[in-house]
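Student: Please see the structure below; I have some questions.
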Amino acid sequence: MDTKFRTQSDKTMQTFSGMAENKIVIMHEQFIHSCGGKIVSGSRIGISQTICKNRNAQGERRWERTLALIQSGKTLADVAKMRSRTEGTILEHLESLRALNKLSVQDIAHLSHGFEQEITKINDAFRELNTDKLSPVFEKFGGVYSYEKLRIARLMLNKEFVQKIPVPTGFIKIMEEYPSAYLPWDKTQDEKLRELFLKCSPVAGLARTFNRTRGAIRSRLAKLGLITKI
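Each residue of the sequence shown is one higher than the one before, counting from 0 in numbering that gives the first Met the number 0.
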């Protein structure tokens with residue numbers, strides 16, 4: 000019930016936040032008249048200021064709840080589920096927090112885990128195109144990166160953010176030894192992996208064949224249902 004109420008409350012707030020202030024004031028006054036009340040001279044200014052104050056306060060409270068969860072190390076999906084929101088809405092909260100200088104590198108660094116190099120490529124594209132708009136970058140990469148990933152990268156766009164993204168221990172060394180270590184698997188590779196594994200190829204040999212770590216090979220074999228999940 001509480002979740003349903005919050006959802007309806009947020010929808011109502013979003014509706015009012017998109018309306019012009021004078022229209023909201025008029026609706027407010029009409030409500031007072033319908034209840035038999037009177038408008039005190041000069042109260043329009045107070046009403047307008049109250050609307051702005053309440054709107055900003057509610058917005059900041061929503062952002063702060065999101066920030067607290069992100070700071071605890073939760074992912075976008077985790078926070079969205081816990082707050083009964085979409086991941087897009089959670090990203091909007093983070094973007095608003097960054098605009099208010101309330102979002103630090105440490106707060107969101109974990110969101111880049113697993114695609115640090117992609118973050119760098121995307122941010123290079125933002126700079127090359129001299130824009131902070133998503134569409135030009137999306138088109139430059141031919142849609143390879145989702146808008147969600149572009150938005151995460153944009154949160155880390157300035158030089159300070161990019162430099163402070165923590166590089167996982169051994170990341171560079173692994174990339175040098177296994178060039179394909181962090182690349183996604185495709186259908187052809189899955190079929191080849193399945194075929195070689197069923198021919199009793201050892202994990203060490205498969206790691207060399209696919210330029211990936213033994214752990215990555217075991218993980219993929221488990222995902223394909225060829226070995227027990229580890």
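Note that the Cβ used here is the ideal one computed from N, Cα and C, for glycine as well. All of these numbers come straight from a predicted model, not from anything done at the bench.
(1) Any beta carbon of chain B sitting closer than 9 Å to that of aspartate 106?
(2) Counting C-beta neighbours from all protein chains within 10 Å, is the total for methionine 155 16 or more, i.e. buried, or is it exposed?
(3) Measure the C-alpha to C-alpha separation of valine 161 and leucine 197 and round it to an integer number of angstroms.
(4) By a C-beta neighbour count over all protein chains shown, 10 Å radius and 16 as the cutoff for buried, is threonine 65 buried or exposed?
(5) Quick check: the stretch 85-104 against the stretch 128-135, are there 3 or more CB pairs under 8 Å?
(6) Going along the chain, which unbroken runs of the beta strand (DSSP E) with 3 or more residues stay wholly within the stretch 48-121?
(7) I think leucine 96 touches glutamate 86, with their Cβ atoms under 8 Å apart; what is that distance to the nearest whole Å?
(8) In the structure shown, what three-state DSSP assignment does glutamine 162 receive?
(9) For threonine 130, which of helix, strand or coil comes out of DSSP?
(10) Applying the 10 Å Cβ sphere with the 16-neighbour rule, what's the burial state of valine 143?
(11) Can you list, in chain order, the residues of its chain whose CB lies under 7 Å from that of valine 202, leaving out five sequence neighbours each side?
(12) Taking the CB atoms as reference points, tell me whether arginine 240 and leucine 149 lie closer together than 9 Å.
(13) For leucine 143, does the three-state DSSP call read helix, strand or coil?
(14) Near alanine 110, what residues of its chain come up, given a Cβ to Cβ distance below 6 Å and the 5 sequence neighbours on each side ignored?
(15) Need the endpoints of the alpha helix (DSSP H) that glutamate 218 sits in, please.
(16) Please classify arginine 126: is it buried, with 16 or more other beta-carbons within 10 angstroms of its beta-carbon, or exposed?
(17) For the putative contact between leucine 68 and methionine 81, defined by C-beta atoms under 8 Å, what is the C-beta separation to the nearest angstrom?
(18) Let me check understanding here. Comparing Cα to Cα, which of His112, Ser71, Phe114 and Arg61 lies closest to threonine 88?
Tutor: Based on what the coordinates show:
(1) Here there is only one protein chain, and chain B is not present.
(2) Position 156 of the sequence shown, counted from the first residue, corresponds to residue 155. That one is buried.
(3) What you label residue 161 is simply residue 162 of the sequence shown in a count that begins at 1. What you label residue 197 is simply residue 198 of the sequence shown in a count that begins at 1. The predicted position of valine 161 is uncertain, since its pLDDT is 44 and thus under 50; no value can be drawn from it.
(4) For the purposes of this step, residue 65 is taken as residue 66 along the sequence shown, with counting starting at 1. Under this definition threonine 65 is a buried residue.
(5) no
(6) none
(7) Looking up residue 96 in the sequence shown gives position 97. Looking up residue 86 in the sequence shown gives position 87. Incorrect: roughly 15 Å between the Cβ atoms, too far for contact.
(8) For the purposes of this step, residue 162 is taken as the residue at position 163 of the sequence shown. Note that glutamine 162 scores a pLDDT of 46, beneath 50, so its modelled location is shaky and nothing firm can be said.
(9) Numbered from 1 along the sequence shown, position 131 holds the residue referred to as residue 130. Coil.
(10) If you number the sequence shown from 1, residue 143 lands on position 144. Counting Cβ neighbours within 10 Å, valine 143 comes out exposed, since fewer than 16 surround it.
(11) The count along the sequence shown starts at 1 and reaches residue 202 at position 203. So the list reads Arg213, Ile216 and Arg217, once near-sequence residues are dropped.
(12) Because the chain in this structure spans residues 0 to 229, residue 240 falls outside the shown range and cannot be described.
(13) Translated into positions along the sequence shown, residue 143 becomes position 144. According to the sequence as given, residue 143 is valine; it is not leucine. Three-state DSSP puts valine 143 in coil, outside helix and strand.
(14) Residue 110 sits at position 111 when you count from the first residue of the sequence shown. According to the sequence shown, residue 110 is leucine rather than alanine. Taken in chain order, the residues that qualify are Ile151.
(15) To locate residue 218, count along the sequence shown from 1; it is residue 219. The amino acid occupying residue 218 in the given sequence is serine; glutamate does not appear at that position. Where serine 218 is concerned, the enclosing alpha helix (DSSP H) stretches over 213-222.
(16) Locating residue 126 in the sequence shown gives position 127, counting from the first residue. The residue in question, arginine 126, is exposed, as its Cβ has fewer than 16 Cβ neighbours within 10 Å.
(17) Working through the sequence shown from its first residue, we reach residue 68 at position 69. Working through the sequence shown from its first residue, we reach residue 81 at position 82. Indeed they touch by this definition, with Cβ atoms about 6 Å apart.
(18) Numbered from its first residue, the sequence shown carries residue 88 at position 89. When only C-alpha atoms are compared, the closest one is Arg61.
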